[in-house]
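Under my numbering, the first residue of the sequence shown carries the number 147, and numbering increases by one thereafter.
All C-beta atoms in this analysis are idealised placements derived from N, C-alpha and C, irrespective of residue type, glycine included.
Data block below; observations after.
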Amino acid sequence: MAATLSTRLPRALCRFNMPCQQSRLSSRFALDDAVGLDEQQIQMQQIAKDFALKEWQPNMRRWDQEHIFPREALRAAASLGFAAIRAREEFGGSGLGCLESVIILEALARGCTSTTAYLSIHNMTTWMIDTFGNEEQRAKWVPKLARMEFCSSYCLTEASSGSDSAALVTKAVRDGDFYILNGSKAFISGAGESDLYVCMVRTGGLGPKGISCLVIEKDTAGISFGKSEEKLGWNTHPTRAVIFEDCRVPVANLLGEEGQGFTFAMKGINNGRLNMAACSVGAAAASIEFVVEYIKQRKQFGKAIAEFQFNQFRIAEMATKLQASRLMVHGAARCAQEELPNATAQCAMAKYFATETCFEITNNAIQLMGGYGFIKDFPIQQYFRDGRIYPVIGGTNEVMRLIISRDILKYLMKLSVKPLYHLNIQCYARYSKFRVTLEHTLKYERNMATCLLTRPSRLMLCRSNVKRQQTRPSSSFSLDDRVGLNEEQLQMQTIARNFTTNNWLPNMRRWDQDHIFPREALRAAAALGFGAIRAREEFGGSGLGNLDAAVIFEALARGCTSTAAYLSIHNMATWMVDTFGNKEQRSKWIPKLASMEFCSSYCLTEPGSGSDAAALTTKAVRDGDHYVLNGNKAFISGGGESDLYVCMVRTGGQGPKGITCLAVEKGAPGLSFGKNEDKLGWNSHPTRAVIFENCRVPVSNRLGDEGQGFTIAMKGLDNGRINIAACSVGAAAGSIEFVVNYIKERKQFGKAISDFQFNQFRIAEMATQLQASRWMVREAARAAQEERPSTTELCAMAKYFATETCFQITDKAMQLMGGYGFIKEFPVQQYFRDCRAHPIIEGTNEIMRLIISKDIFK
């Protein structure tokens, strides 16, 4: 089979002939690995990537097949500063941070994932000596480690304890100026080749406090090594047992004090988890880049298989998941770098999500290559094999889920973020604890909202005196919605959360069931500055950015997702008037829109064009100082209730350049509305057709010039996609917080259902997916705010990933509640129904995949 395949496939596609193609492909916006990085970090990344492609990639297959430990190649990396990335410069280290470390390791992993993994372990042990060692130890070992004159290994795992590190049994007994070691370590990367071993040993009693950390040199008497294991991957460095038989280690080799070892191990393992996750991301990135070039050249049924839409969509899905993984790793690295309290939870989530997701990506890449993906002439199978170990090492991903779920379940949410439903207190008669907490929460939130509403809205949004503990959204680090936000954004978030808990959440069910458009509730939100978040202050807007808007909409969506979605559309229309209108138009409409004296709708979709916006047919013919409009718009949120309609109409020929943007007021002659659609969700605002029959609109209502409408529409949609994705994140967060409280109280088979490990793991998965969605949305918002060239692609990826993922989260939350999840007395089913619209609106998620894949294949 192999011989037949190799005669047909162009040899130019073999990985070792493709470095320039890979380097070029990584510049695609949808595959942008520099997202969110500063100039210095981008330069480091490029140095590492160039080195890996030139020095390691051509040898990757040979090292794997011949089981070569590439010491000289590692020293070449060390000469660039990659062997002691986080060690202080005084002793030869590079003095960089956690984020720089994962950036470099991701780039190196493209050249050889296995070798990069060993280098990442070496870096972790070097960091531990530099951080926890004394001056003498640093001076003795760090310079040699920085040059890789000494290679190093980390010895924690034992055959009997595995991931239960606190149960290790390797014993170290004090004997004068030495410790006598007996025991063994299992699955040690580099064992036998490494010159230095950072080992966790037991010097005291059972448990974490009996563990100490020793540095052991290779030539120490009494140390030996087991056989080199035959492995699925990771063949560029040996894996052996490290055996201690009356091994005498100087007391001077003790890092820190006796009993501190477990603390060192846990701090080191946070970094190690990030590094392994970064290696996974690098392997997945290289797999995508290779397979994209492959399917562009591979022909089946008379055309390149890249032309089959299924393959385009699969690549778009893989690229989106890759970017989500990368942002999770970068976000967790920032938390670790700043030593935030949430670092352990965030590192566990990043390791779990990135290693699972990126392995899935390499597997999909093999599938896209068909038989060739299974052949060792091509690199994907090696990325796949090397990537399979990452969900196992650094604590298995099952342990990561335990870390996450224990963090979430260890206590109920604090009162200021309690998501309990205010619909009907009597429905909680079965759950007395819920009722008491609910009543207390309502009283607290009313007092907080009253206090906040006494301040001017701009002051509240930017300089509120909300205390720090009130800005904390959750008592769980794994559900921390503060990630990546500054103090001002935290204050905005708290204001929005307190407002929606008090004003919207108690009414969410009633608005849904009675199909009420809550105009006064929207005006209350506008009083806080939420009616024109991104419009300039000169005309009454809040003058904030895309990220601020996403943070606010996520918070509001917890209280009522449907109402928050309408408000996001109103904000998009308001932003378009503010951005593309003239001063007269802004002064005429923005103050009314900001106060929500006028509500607004966005009119793009038509029955015949759907997502193909450039094919719209609603016609606007110039007649003196007016346009005469004929046609209709479909599925318009707020249709009939809104006072201003920002409409895309055709004033010219076919295609995008014939489209113009008009603002149409509700009382315009010839404007009417269809019936209010009966919908699955989004019932707090109507959805109607907007009908134009010889509708006369003043030319002075035109936004921008004729023919600019499509450009305006696309820029508006970038913002709209971020906002609707943020609403999905808010709904998913509300669902998780509610169901966590539910499963802690709900008993089956004699215990709370939160005690069942399957449910704990499910909650951990949901929380991790929520955090990945949040990172995606916030990075896309930053891109839009900074007007990066990659904005459209990142917004499409964020909208696709977050809306799909968060809908799945609401579905899983409903499943965890059993029959109660299906009952309208409880909120999760409403989050579920409201969220189902999000993968459809602002361009269906199929269109998002098209945007992403077109960027990759252009």
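With contacts defined by Cβ atoms closer than 8 Å, E339 and H268 do not form a contacting pair. A distance of 8 Å or more separates the beta carbons of A219 and A292. One thing to note: E363 has its Cβ within 8 Å of the Cβ of D341. Its Cα nearest to that of E852, the residue G798 stands out among R979, G798, D864 and F902. In the DSSP secondary-structure assignment, C749 is bridged to C793. Separation of S788 and I782 (C-alpha to C-alpha, rounded to the nearest whole angstrom) is 10 Å.
Three or more Cβ pairs closer than 8 Å define a contact, and the segment 271-291 falls short of that threshold against the segment 451-468. Annotated as distal: A959 and S874, with beta-carbon spacing of 8 Å or more. Here the alpha carbon of G727 sits roughly 11 Å from the alpha carbon of V792. As for any alpha helix (DSSP H) of minimum length 4 sitting wholly inside the segment 850-931, the runs are 855-891 and 903-931, ordered along the chain. By the Cβ neighbour-count rule, R419 is buried, with 16 or more other Cβ atoms within 10 Å of its own. By a beta-carbon distance limit of 8 Å, C425 contacts T259. Their separation comes to about 6 Å.
Closest in alpha carbon position to R665, among P935, I698, G519 and L713, is L713.
Membership of Y325 in any alpha helix (DSSP H) is not indicated; the residue belongs instead to the beta strand (DSSP E) covering F324 to S335. For E295 and F676, the gap between their C-alpha atoms comes out near 60 Å.
T508: member of the alpha helix (DSSP H) spanning A489 to M515, first to last residue. Counting along the chain, K779 sits inside the beta strand (DSSP E) bounded by residues H772 to S783. For S298, there is no enclosing alpha helix (DSSP H); the residue is part of the beta strand (DSSP E) that begins and ends at S298 to C301. Taking C-alpha positions only, P815 is separated from L808 by approximately 15 Å. Between A176 and E939, the gap from beta carbon to beta carbon is short of 8 Å. Of the residues assessed, N649 falls on the buried side of the cut-off, its CB having 16 or more other CB atoms within 10 angstroms. Taking the CA atoms as reference points, I909 sits about 6 Å from S551. Counting the other CB atoms within 10 Å of its CB gives I969 a total below 16, which places it among the exposed residues. N421 counts as buried, since at least 16 other C-beta atoms from the protein chains shown sit within 10 angstroms of its C-beta.
According to DSSP, residue pairing for A180 in a beta bridge does not occur.
Bounds of the alpha helix (DSSP H) holding S266 are T259 to F278.
The alpha-carbon separation between G350 and P396 amounts to approximately 17 Å.
DSSP, read as helix, strand or coil, puts M294 in coil. DSSP links P396 through a beta bridge to F324. Taking all protein chains in view, the Cβ of F884 is crowded by 16 or more other Cβ atoms within 10 Å, so the residue is classified as buried.
Less than 8 Å divides the Cβ of V475 from the Cβ of A500. DSSP lists H772 as the beta-bridge partner residues of P844.
Residues of the same chain with a CB within less than 7 Å of the CB of A696, apart from the 5 flanking positions on each side, are I868, N869, A872, V923, R924 and A927 in chain order. Of the other Cβ atoms in all chains shown, 16 or more fall within 10 Å of the Cβ of N847; this residue is therefore buried. One Cα belongs to T857, the other to L750, and the distance between them is close to 12 Å. Counting only residues of its own chain and dropping the five nearest sequence neighbours on each side, N543 has a CB closer than 8 Å to the CB of K497, Y498, T501, E502 and P537.
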